[in-house]
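Only one structure is covered here, and it is reproduced in the block below.
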Amino acid sequence: TSLVQLRCDRDIATHQSERFIIRSYSPMRTIGGGRILDVNAARHKRFDDSVTSTLEITAEGDPVHILKNWLRESGANGLSVNSLTNKLELASHEITSTIDASGAIHVSEQRIIDEAIYASLLKEILSGIADYHKEKPQHRGLTVGNLKNKLSAKPDDDVLRHALSDLLSKGQLQNKNGILCILGFDPLADLTSHERILVQELEDTFLQFDLSPPPLDSVVGQDQTKRDLCRLLIDSGRLVRLKTYDRSSSLVVHADILENVFQKLKNKYPYPSKFAVSDARDLLGSTRKYVIPLMEHLDATGITTRIKDLRQLRNS
1 TSLVQLRCDR DIATHQSERF IIRSYSPMRT IGGGRILDVN AARHKRFDDS VTSTLEITAE
61 GDPVHILKNW LRESGANGLS VNSLTNKLEL ASHEITSTID ASGAIHVSEQ RIIDEAIYAS
121 LLKEILSGIA DYHKEKPQHR GLTVGNLKNK LSAKPDDDVL RHALSDLLSK GQLQNKNGIL
181 CILGFDPLAD LTSHERILVQ ELEDTFLQFD LSPPPLDSVV GQDQTKRDLC RLLIDSGRLV
241 RLKTYDRSSS LVVHADILEN VFQKLKNKYP YPSKFAVSDA RDLLGSTRKY VIPLMEHLDA
301 TGITTRIKDL RQLRNS
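Each step along the sequence shown adds one to the number in full-length UniProt numbering, with nothing skipped, and position 40 is 40.
In C-alpha cells:
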C-alpha cells in the first residue's frame, strides 16, 4: 500500500473515500486500485512529510483524528462547520459529536478553531498588549485594529472578536471606549505626588466647564509641566481632543463628559431613532458653538452616523 497522487486529463465525478480501479485499455488489464483521500488536492511535492502525515491520518478513517489534523492545518482562522458535512461525509448529529470529541473551540455558530491554537492566540493577545504598555507606558492601550496588525496569527474578525470577548469576560482585559488594555493598567502610575495634584486640577477644570471647555492655552498658560501633563491626559484618554472638520479647532473635553453625552443620547434617541443638532443642543443644555463640533467628533469616531441633516447612533 502506498500514497499516490493521480493527475487526470479531464474532470471526474467522485467523492472522498470512494474506491476505484485503474485499468489499461490495450492490453486490457488491471493495474491497481485504491481509495480517494482528497478530491480537490493541490499538486503536492514528492516526499513532503506534512502531506504524507495528513494523508495517512485521512486513510485511517477516524473522523476525530481527521478533524483535529484539519484544524491544526487551518491555523487561527479555523474551519467552517458547514464545510465538514461533505468533507467528513457524516450526518449532522455525527458532525456535532465529532466536533465535541475533537475539543474544538466554537468562535461562532458556524466556525471552530483548534483548542491549542486558540489558547496560543489568547496568550499572544495578552502579551502583545502588555508589551505595548511597556513600550508606551503613558498611552492607554491599543485599538482592535492596531492589535490585529501586531498578531502573527492573523485571525479573521470572528475569531478575534470571540477571543477578545473571552478575555474581557475573564477579567484579563479592559475595553475603555474602544481601547484595549490589561486589567488594572494605569498610564498615570509613574507620576510624582506634585504631578498628580496638577493632573487632578486639570481634570477638575475641564469637568467644571462641561461642554463649554476653555481654550487649552488658557488653561495651561506658559507652564511647561502643565502642558506636558495635558498632553499625557490626552494620550491616556482622560482628556479628548475633538475631531472636527475645522482642522484649526482645538477643543478638548473630559472623557467623562463625552461618556455622559453618549449615555444621554442613547437613552433619549436609541437606535434607530434620529435626531437633529437642535435636539442634541436642547438635550445637552449647550449651544450650537459647542454642540456642532461635538457632533462632528461623534461622527468621526463612529459613535453616530450622519444622514443628511440628522444623526443616528450606530447599532452596537
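Idealized CB from N, CA, C, for every residue including glycine.
Beta strand (DSSP E) runs wholly inside the segment 6-64, at least 3 long, in chain order: Fully enclosed beta strand (DSSP E) runs of 3 or longer: 19-24, 29-35.
Presumed contact (8 Å Cβ cut-off) between residue 183 and residue 229, rounded CB distance: Beta-carbon to beta-carbon, residue 183 and residue 229 are separated by about 25 Å, too far to satisfy the 8 Å threshold.
Assumed close pair residue 274, residue 307 - CB separation to whole angstroms, cut-off 8 Å: At roughly 7 Å, the Cβ-Cβ gap stays under 8 Å, so residue 274 and residue 307 are in contact.
Beta strand (DSSP E) segment containing residue 173, residue limits: Counting along the chain, the beta strand (DSSP E) containing residue 173 begins and ends at 173-176.
Boundaries of the alpha helix (DSSP H) in which residue 152 is found, first to last residue: Per DSSP, residue 152 belongs to no alpha helix (DSSP H) and is neither H nor E.
Candidates 31, 4, 172, 85: closest to residue 37 by CA position: Nearest of 31, 4, 172, 85 to residue 37, Cα basis: 4.
Residue of 98, 174, 104, 95 minimising C-alpha distance to residue 125: When the alpha-carbon of residue 125 is set against those of 98, 174, 104, 95, the nearest one is in 174.
Between the CA atoms of residue 67 and residue 99 - distance to the nearest angstrom: About 8 Å.
DSSP-derived helix/strand/coil call for residue 274: Residue state for residue 274 is assigned as strand, using DSSP reduced to three classes.
Extent of the continuous alpha helix (DSSP H) to which residue 194 belongs: It spans 193-209 - the alpha helix (DSSP H) in which residue 194 sits, taken as one unbroken run.
Separation of residue 138 from residue 196, as counted between CA atoms: Spanning the two alpha carbons is a distance of roughly 14 Å.
Extent of the continuous alpha helix (DSSP H) run through residue 305: Unbroken run through residue 305 is the beta strand (DSSP E), 304-307; no alpha helix (DSSP H).
Rounded C-alpha distance that separates residue 95 from residue 81: Distance between the alpha carbons of residue 95 and residue 81 is about 8 Å.
Status (buried if at least 16 other CB within 10 Å, exposed otherwise) for residue 19: With fewer than 16 other Cβ atoms within 10 Å, it is exposed.
Distance between residue 43 and residue 301 (C-alpha atoms, nearest Å): Roughly 47 Å between the two C-alpha positions.
Helix, strand or coil at residue 139 [DSSP, three-state]: The DSSP-derived three-state label of residue 139 is coil.
For residue 297 and residue 321, believed in contact at Cβ under 8 Å, the rounded distance: Nothing about residue 321 can be reported from this structure: the residues present for the chain run from 1 to 316 only.
Contacts around residue 150, its chain only, beta-carbon distance under 6 Å, and the 5 residues preceding and following it disregarded: Correct list, in chain order: 128.
Contacts around residue 39, its chain only, beta-carbon distance under 7 Å, and the 5 residues preceding and following it disregarded: Within the same chain, residue 39 has close Cβ partners 14, 15, 16.
Coarse secondary structure for residue 281, derived from DSSP in three states: Of the three classes helix, strand and coil, the one that applies to residue 281 here is helix, per DSSP.
Supposed contact pair residue 76 and residue 154 - C-beta distance, whole angstroms, cut 8 Å: Rounded to whole angstroms, the Cβ separation of residue 154 and residue 76 is 6 Å, and the two are in contact under 8 Å.
Check whether residue 244 and residue 293 have beta carbons under 9 Å apart: Cβ atoms of residue 244 and residue 293: closer than 9 Å.
Alpha-carbon spacing of residue 276 relative to residue 74, whole angstroms: Linking residue 276 to residue 74 through their CA atoms gives a straight-line distance of about 48 Å.
Closest by C-alpha distance to residue 179, when choosing among 236, 257, 11: Looking at the Cα atoms, 236 is the closest of the given residues.
Short Cβ contact (9 Å threshold) for residue 145 with residue 107: Contact flag unset, no.
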